[in-house]
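Structure, as structure tokens:
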Amino acid sequence: MRKTQVSCAIVAALASTSIAAQEASSAKAKIETIEVTATKRTESIQDVPVSVTALDGKALENLGIDNFQDYVEFLPNVVFQGTGPGQNEIYIRGAATTQSNIMLSSVQALQPSVAFYVDEQPVSMAGRNLDVYATDVQRVEVLPGPQGTLFGASSQAGTVRLITNKPDHSGFSAGFDTSISFTKGGDMSNAVEAYFNMAVTEDMAVRVAAYNDRQGGWIDNIANDPGNGGYIGSAQVVSRISGGVLADPVAMDANRITNPDVNTMAEASVVSPQNDALVEDNFNDAVYSGARFGVSYIFNEQWDLLVQHTQQTLDTEGVFAYDPNLEGESSTNRFQPEENTDEFGLTTWTLEGRLEKLDVVYTGGYLDRDIDTLADYTGYTNGGLFSAYYLCNHYDTPDNPADERCLDPTKYFKEDTNTTRSTHELRFNTTMDAPWRVTAGLFYDDQEVATVGQFKIANTEMSTFGFDNLQRTLVGTEGINSDGGPFPGEVSFANDITHTIEQIAVFGQFEYDLTDTLTASIGARWYQIDDTYKGSTTTVDVSRRVKAFGSLDPNELEAVGEDPDAVMAAVQSGQLEVSELGSDGVLSVDDTIFKFSLDWKATEDILLFANYSEGFRPPVTNRVGGGLATNQSGKFENFRIPVYSTTDTLDNYEVGLKGDFLDGIVRVNATAYYSEITDLQTSRFDPTNISFLVFTDNVGDAEIKGLDADITWLATDNLVVNAAFSLLDTELTSVNEELVGIAAGVGSELPYSASFSGNINARYFFELDDGKTGYVNGSVSYTGDRLAGMVMDAYVMEDATQLIYGTGSGLKIQEEAAVYEGVTYDDRNGATFRGGRYVQESYMIANLAVGITNDEWKAELFVDNVFDESAILNIDTQQFTPKVVTNRPRTVGVRFSYDYY
Numbered sequence: 093m094r095k096t097q098v099s100c101a102i103v104a105a106l107a108s109t110s111i112a113a114q115e116a117s118s119a120k121a122k123i124e125t126i127e128v129t130a131t132k133r134t135e136s137i138q139d140v141p142v143s144v145t146a147l148d149g150k151a152l153e154n155l156g157i158d159n160f161q162d163y164v165e166f167l168p169n170v171v172f173q174g175t176g177p178g179q180n181e182i183y184i185r186g187a188a189t190t191q192s193n194i195m196l197s198s199v200q201a202l203q204p205s206v207a208f209y210v211d212e213q214p215v216s217m218a219g220r221n222l223d224v225y226a227t228d229v230q231r232v233e234v235l236p237g238p239q240g241t242l243f244g245a246s247s248q249a250g251t252v253r254l255i256t257n258k259p260d261h262s263g264f265s266a267g268f269d270t271s272i273s274f275t276k277g278g279d280m281s282n283a284v285e286a287y288f289n290m291a292v293t294e295d296m297a298v299r300v301a302a303y304n305d306r307q308g309g310w311i312d313n314i315a316n317d318p319g320n321g322g323y324i325g326s327a328q329v330v331s332r333i334s335g336g337v338l339a340d341p342v343a344m345d346a347n348r349i350t351n352p353d354v355n356t357m358a359e360a361s362v363v364s365p366q367n368d369a370l371v372e373d374n375f376n377d378a379v380y381s382g383a384r385f386g387v388s389y390i391f392n393e394q395w396d397l398l399v400q401h402t403q404q405t406l407d408t409e410g411v412f413a414y415d416p417n418l419e420g421e422s423s424t425n426r427f428q429p430e431e432n433t434d435e436f437g438l439t440t441w442t443l444e445g446r447l448e449k450l451d452v453v454y455t456g457g458y459l460d461r462d463i464d465t466l467a468d469y470t471g472y473t474n475g476g477l478f479s480a481y482y483l484c485n486h487y488d489t490p491d492n493p494a495d496e497r498c499l500d501p502t503k504y505f506k507e508d509t510n511t512t513r514s515t516h517e518l519r520f521n522t523t524m525d526a527p528w529r530v531t532a533g534l535f536y537d538d539q540e541v542a543t544v545g546q547f548k549i550a551n552t553e554m555s556t557f558g559f560d561n562l563q564r565t566l567v568g569t570e571g572i573n574s575d576g577g578p579f580p581g582e583v584s585f586a587n588d589i590t591h592t593i594e595q596i597a598v599f600g601q602f603e604y605d606l607t608d609t610l611t612a613s614i615g616a617r618w619y620q621i622d623d624t625y626k627g628s629t630t631t632v633d634v635s636r637r638v639k640a641f642g643s644l645d646p647n648e649l650e651a652v653g654e655d656p657d658a659v660m661a662a663v664q665s666g667q668l669e670v671s672e673l674g675s676d677g678v679l680s681v682d683d684t685i686f687k688f689s690l691d692w693k694a695t696e697d698i699l700l701f702a703n704y705s706e707g708f709r710p711p712v713t714n715r716v717g718g719g720l721a722t723n724q725s726g727k728f729e730n731f732r733i734p735v736y737s738t739t740d741t742l743d744n745y746e747v748g749l750k751g752d753f754l755d756g757i758v759r760v761n762a763t764a765y766y767s768e769i770t771d772l773q774t775s776r777f778d779p780t781n782i783s784f785l786v787f788t789d790n791v792g793d794a795e796i797k798g799l800d801a802d803i804t805w806l807a808t809d810n811l812v813v814n815a816a817f818s819l820l821d822t823e824l825t826s827v828n829e830e831l832v833g834i835a836a837g838v839g840s841e842l843p844y845s846a847s848f849s850g851n852i853n854a855r856y857f858f859e860l861d862d863g864k865t866g867y868v869n870g871s872v873s874y875t876g877d878r879l880a881g882m883v884m885d886a887y888v889m890e891d892a893t894q895l896i897y898g899t900g901s902g903l904k905i906q907e908e909a910a911v912y913e914g915v916t917y918d919d920r921n922g923a924t925f926r927g928g929r930y931v932q933e934s935y936m937i938a939n940l941a942v943g944i945t946n947d948e949w950k951a952e953l954f955v956d957n958v959f960d961e962s963a964i965l966n967i968d969t970q971q972f973t974p975k976v977v978t979n980r981p982r983t984v985g986v987r988f989s990y991d992y993y
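Sequence positions in the sequence shown follow the numbering used here and run 93 to 993.
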């Protein structure tokens with residue numbers, strides 16, 4: 093539905109260009125170049141001396157792209173990793189670690205390594221990047237490598253920018269786009285998008301775009317069938333993660349519902365959960381609905397103002413992963429409703445003007461986002477240290493172990509999170525006719541995440557510890573968002589946290605033309621970030637605890653349950669780092685990062701460049717930081733959770749080429765790079781197991797070597813072929829001592845990124861009668877094997893899967909160590925666990941479309957995932973047994989669009 097003429101619709105997958113076929117009277121077709129703002133100046137993408145990939149609105153439309161996950165399919169160096177719509181992280185060039193648990197991402201505070209922008213507004217969030225529907229989009233820009241000097245924190249590994257269409261003062265235009273499609277084994281999907289643009293006066297223009305996209309599900313929540321791949325439950329798993337508290341868990345497992353002599357759950361020693369009331373086919377629906385309003389006002393020839401507001405709601409039900417222990421690749425067992433509502437309002441404004449020889453831009457934005465989640469948390473049964481306490485009756489039967497039972501393990505997690513973020517940036521660009529140019533500015537960012545999480549963990553049939561009516565209340569009051577309780581009687585634990593990050597920065601970039609063809613530039617950014625972590629849980633006064641470690645006041649440390657002498661010894665020995673944490677609980681850091689580049693215009697059509705750049709992620713406060721591990725055996729002996737993870741940094745060196753060859757019919761853009769990551773931040777298991785199972789730590793150092801390239805070939809005036817690929821070699825070069833034997837070792841690959849990925853796209857046009865044009869578009873994308881996560885716990889997960897479900901997952905594991913030191917128990921056969929990670933095996937997806945168009949309308953038949961490939965997008969172990977996030981099966985549909993202008 094974007095404003096387009098068929099004569100300029102030829103586009104390739106992963107093009108940094110669009111291809112404009114000239115009129116019949118022209119001598120030949122040409123490669124049209126996109127204008128980008130990657131350096132905060134408007135420039136041709138071929139003249140920007142950094143690696144940039146961009147798809148304009150015509151390309152997005154031709155490829156049927158509506159969300160970022162679809163876009164990433166054509167970006168070999170970008171990974172979109174997560175568990176479903178609105179629950180994803182972006183990784184670029186292999187700079188990835190273990191993801192935030194979606195149940196914990198709002199409170200864990202691990203910052204993304206890739207910044208995501210809507211126009212000028214950063215909207216990144218750990219584990220839950222804003223999932224903006226790509227309607228009425230001008231272009232999407234991807235800037236690989238550190239962009240910190242111009243784009244700040246969270247631009248450590250790159251920046252993604254979604255640039256929307258702005259109000260057009262030239263006149264009236266309108267259009268709509270509608271589609272309907274059918275997924276193999278799933279529900280129907282349909283979408284409607286529309287826009288209109290109007291010049292109200294000579295000085296004012298408005299633009300409105302609206303959309304509703306209902307994406308039918310294909311995952312079935314089937315009835316739990318213990319003994320046939322369904323959830324049986326295992327006393328052995330529960331006992332060993334709880335410290336071996338059950339008297340004879342092997343005998344208990346022998347007396348489950350799968351035993352022919354056990355006829356009812358009342359007779360079973362381990363109760364299997366049931367989900368009969370929740371059985372539903374195709375239960376993973378997603379609905380995007382929203383609108384964007386824009387007003388542009390021209391004050392005079394030098395000053396203009398743009399104000400835009402986007403409102404969107406994303407509703408999802410079900411899960412987007414199948415259980416590999418079940419038959420097929422579209423079935424799961426869920427025992428609680430799965431619902432997620434993600435609503436945001438984003439208001440942005442940009443004032444542009446000119447003062448003498450300076451272009452002045454003031455831009456700001458305000459984001460208000462609400463997330464309401466209800467999720468099945470039954471998997472906690474198989475990972476929590478106190479699992480037996482919450483589930484089994486051994487405390488009631490100390491004199492008769494034969495009566496021990498583990499009851500219904502069904503659990504849920506409920507989250508209510510509000511995120512606000514306001515940013516302001518004032519920048520100046522010189523416009524003088526001189527051999528030098530300056531971009532400089534000031535930046536302010538204030539973001540807050542306020543979250544309340546409630547966990548139903550205990551079996552409410554047990555009354556010994558009051559699980560039938562707990563009425564929990566929060567310990568502290570500072571920084572909480574609820575009334576402090578009491579919470580509903582079935583809630584075992586509640587978490588109420590407010591996390592604020594305030595940043596100020598000064599940035600600048602100076603470019604100097606050493607000759608007519610050689611330019612050098614230097615950029616720098618000074619920043620100061622204040623991170624404040626407040627709130628309380630039903631067990632810990634988080635605000636007071638953080639302040640206690642900031643002040644090291646013995647009385648306060650003792651008040652939060654710590655031994656002051658032991659804490660001081662840990663600080664003095666360097667085990668705990670607290671120097672950046674103030675007595676007021678504010679974690680403050682400041683630093684300056686730099687960028688240097690040299691570019692040479694070798695010919696009119698060839699640009700060569702070399703860059704050095706730095707990126708960073710700020711420190712992260714841990715909610716139970718400083719705590720001593722409850723498990724004091726093996727690798728956890730004397731272990732303390734870091735009070736905060738330290739800043740991780742990325743130094744990047746790259747050389748690149750951008751060029752048109754063979755009289756302009758071939759375009760090649762390629763970049764080779766080498767990156768060093770120091771103190772890589774990651775999520776990891778929390779051995780203290782007080783309410784949350786993961787925290788943030790620095791795993792060690794890593795290096796990444798790679799090559800990105802994309803090629804556009806105008807084979808004929810009617811045929812264009814694009815190809816793109818990414819080669820990656822990632823390696824951990826050092827591992828912090830406390831993670832040796834737990835995290836993958838030195839020499840191991842970083843997770844989630846393939847050593848090779850690539851795609852090819854071809855689009856062919858042919859003339860029809862009455863001025864119509866037909867076209868055929870085909871694309872194939874390939875993603876190689878990737879490792880899941882940073883921790884070598886796959887054999888532990890697989891052993892638990894065998895015990896809980898009576899069958900394995902069938903997923904491939906790469907062995908990486910003879911011994912895994914992350915647990916202190918043996919496997920079900922009494923053997924020591926090996927260390928290894930699940931392999932997300934390679935996949936290839938093909939899409940095909942055929943259509944007819946003229947200057948106003950377009951009709952298209954499309955087939956996505958032509959060969960019905962079931963891809964392993966992500967192996968999710970957040971439920972302590974593996975679930976496989978997968979792609980949509982073969983989908984056949986039709987699209988129709990009409991534009992009036």
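Just so you know, even glycine gets a beta-carbon here, dropped at the ideal spot from N, CA and C. Remember, it's a predicted structure, so these values are computed and weren't measured experimentally.
C-beta atoms of residue i and residue j nearer than 7 Å
| i | j | result |
| --- | --- | --- |
| residue 577 | residue 562 | no |
| residue 465 | residue 425 | no |
| residue 237 | residue 822 | no |
| residue 706 | residue 733 | no |
| residue 310 | residue 422 | yes |
| residue 144 | residue 235 | yes |
Range covered by the beta strand (DSSP E) that runs through residue i
| i | result |
| --- | --- |
| residue 559 | Neither: residue 559 is in no beta strand (DSSP E) and is coded neither H nor E. |
| residue 226 | It is not in any beta strand (DSSP E) - residue 226 carries neither H nor E in the DSSP assignment. |
| residue 988 | 983 to 992 |
| residue 288 | 280 to 291 |
| residue 840 | From DSSP, residue 840 is part of no beta strand (DSSP E); its letter is neither H nor E. |
| residue 548 | 528 to 548 |
Exposure of residue i, with buried meaning 16 or more beta-carbon neighbours within 10 Å
| i | result |
| --- | --- |
| residue 884 | buried |
| residue 634 | buried |
| residue 956 | buried |
| residue 342 | exposed |
| residue 772 | buried |
| residue 618 | exposed |
| residue 506 | buried |
Member of the options whose CA lies at the smallest distance from the CA of residue i
| i | options | result |
| --- | --- | --- |
| residue 295 | 282, 321, 320 and 262 | 262 |
| residue 704 | 764, 656, 740 and 658 | 764 |
| residue 935 | 961, 468, 948 and 916 | 961 |
| residue 866 | 842, 790, 900 and 944 | 944 |
| residue 208 | 243, 189, 177 and 127 | 243 |
| residue 697 | 714, 671, 725 and 756 | 756 |
| residue 480 | 937, 985, 498 and 666 | 498 |
| residue 441 | 135, 398 and 469 | 398 |
Span of the alpha helix (DSSP H) around residue i
| i | result |
| --- | --- |
| residue 328 | 327 to 333 |
| residue 357 | No alpha helix (DSSP H) contains residue 357, which DSSP labels as neither H nor E. |
| residue 640 | 634 to 643 |
Close-in-space but distant-in-sequence residues of the same chain around residue i (CB under 6 Å, 5 per side omitted)
| i | result |
| --- | --- |
| residue 536 | 516 and 596 |
| residue 983 | 273, 275 and 956 |
| residue 694 | 700 |
| residue 396 | 390 and 444 |
Any non-hydrogen atom of the ligand ATP within 6 Å of residue i CB
| i | result |
| --- | --- |
| residue 231 | What this structure holds is no ligand at all, so the ligand ATP is not there to describe. |
Same chain, Cβ closer than 8 Å to residue i, neighbours up to 5 away in sequence not counted
| i | result |
| --- | --- |
| residue 986 | 271, 272, 273, 951, 952, 953 and 954 |
CB contact check: residue i to chain B, cutoff 7 Å
| i | result |
| --- | --- |
| residue 427 | Checking the listed chains, one finds no chain B in this structure; it contains a single protein chain. |
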